[in-house]
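Numbering (this note's numbering), first residue to last: 226 to 494.
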Amino acid sequence: MKIASFNINGIKARINALPEWLDEAQPDVALLQEIKSVDEAFPREIFEDRGYIVETHGQKSFNGVAILSKLPLEDVRRGLPGDDSDEQARWIEATVVGETEALRICGLYLPNGNPVELDDAGKPVEGGKYAYKLAWMDRLQARAEELMSDEMPFLMAGDYNIIAQPEDAARPEIWEGDAACRPESLAAYRTLVNLGLTDATLARDPRPGQYTFWDYQAGAWNKNNGIRIDHFLLSPACADMLVDTGIDKDIRAREKPSDHVPIWVELKV
DNA sequence: ATGCCTAATGGAATTAGA
């Protein structure tokens with residue numbers, strides 16, 4: 226089973242590039258982030274015509290996540306638990322039913338968190354974007370702990386907006402102090418991984434320089450000034466199924482690309 | 001120079017992204 230994750234940066238803007246990549250890569254499941262669309266406006270037919278089930282969790286203008294699946298989905302849940310007042314559409318999960326086994330798949334768009342606002346004591350300012358990021362990560366931790374205690378293998382994939390190590394940035398010095406790699410962000414990410422999750426990309430290939438994002442500005446792609454912020458985290462049982470991983474970076478050079486590229490895992494399910 | 005591009009909204013200039 227091939228499962229991909231792709232921050233498309235707007236479904237309307239990617240209306241050609243996304244189907245083109247799908248036809249080539251042929252993932253069984255694609256987790257999409259930043260669809261930037263309400264559910265009613267999402268162009269489902271384009272994907273249904275290709276044999277995908279379409280489940281969206283959208284909102285107007287920003288954020289929004291979706292699952293495309295050629296395999297049956299059960300128990301679709303929208304929204305990260307833990308804060309009923311949170312309006313932002315950044316989390317969707319479902320059970321994908323394989324031939325022999327079922328797998329819980331979670332698609333996420335973790336808040337960016339910039340600008341980092343701290344008070345005089347160095348605490349994130351309440352109501353600020355950085356505080357929201359850290360609070361969201363606390364809720365992510367809680368959901369991951371719940372999934373860990375269930376017996377079903379699971380994975381959580383998407384745009385984490387976390388640069389987990391200096392090797393994941395072409396120029397780490399640029400990102401010093403950024404919400405993607407501040408100590409609080411990294412501590413929260415480590416706590417999550419330390420539940421026993423496996424970073425699939427690193428597990429298969431620990432070499433530095435495997436980027437998933439290149440800014441539109443200042444010729445970042447041409448200079449290969451990238452960062453790795455899109456991740457697949459696998460539960461122990463899911464990690465046992467890992468066969469292969471990849472980053473489809475070539476599509477970043479095409480017409481009207483997203484600033485992210487797809488990443489994927491092949492699982493023996 | 002926290003904004004060198006891009007996207008969404010709404011029909012200009014602002015907000016957001018990372």
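Glycine residues also receive a C-beta, built at the ideal position from the N, C-alpha and C atoms.
Asked: Glu259 and Gly235 closer than 8 Å at C-beta; Found: yes
Asked: Local conformation of Glu249 per DSSP, three classes; Found: helix
Asked: Bridge-paired residues (DSSP) for Asp375; Found: BP columns for Asp375 are empty, so no partner.
Asked: DSSP beta-bridge partners of Gly471; Found: Trp489
Asked: Simplified DSSP state of Gln258, which is helix, strand or coil; Found: strand
Asked: Val494 versus Ile292: straight-line alpha-carbon distance, rounded; Found: 18 Å
Asked: Nearest-angstrom Cα separation, counted from Ala413 out to Val301; Found: 26 Å
Asked: Spatial neighbours of Leu459 in its chain, beta-carbon cut-off 6 Å, leaving aside the 5 residues before and after; Found: Leu380, Thr423, Ala425
Asked: Sufficient close CB pairs (3 or more, under 8 Å) joining the stretch 438-453 to the stretch 353-361; Found: no
Asked: Helix, strand or coil at Val301 according to DSSP, with G and I counted as helix; Found: strand
Asked: Classification of Arg315 by the beta-carbon crowding that lies within 10 angstroms, buried from 16 upward; Found: buried
Asked: Inter-residue spacing [alpha-carbon to alpha-carbon] between Ala405 and Ile278; Found: 33 Å
Asked: Rounded C-alpha distance that separates Ala394 from Ile317; Found: 28 Å
Asked: First and last residue of the uninterrupted beta strand (DSSP E) at Glu318; Found: 316-322
Asked: Endpoints, beta strand (DSSP E) assigned at Ile271; Found: Ile271 -> not in any beta strand (DSSP E); alpha helix (DSSP H) instead, spanning 269-273.
Asked: Rounded separation between Gln435 and Phe272 - CA only; Found: 29 Å
Asked: Meets three-Cβ-pair contact criterion under 8 Å: the stretch 243-250 and the stretch 322-331; Found: no
Asked: Beta-ladder partner(s) of Ala394, from DSSP; Found: Ile452
Asked: CB of Ala382 within 8 Å of CB of Phe287, strictly; Found: no
Asked: Whether Asp309 touches Asp384 by CB criterion (8 Å); Found: no
Asked: Check: Trp489 C-beta below 7 Å from any heavy atom of the ligand ATP; Found: For the ligand ATP, the structure offers nothing, since it holds no ligand at all.
Asked: Ile472 beta carbon less than 8 Å from that of Ile488; Found: yes
Asked: Through-space distance from Pro340 to Val350, alpha-carbon basis; Found: 11 Å
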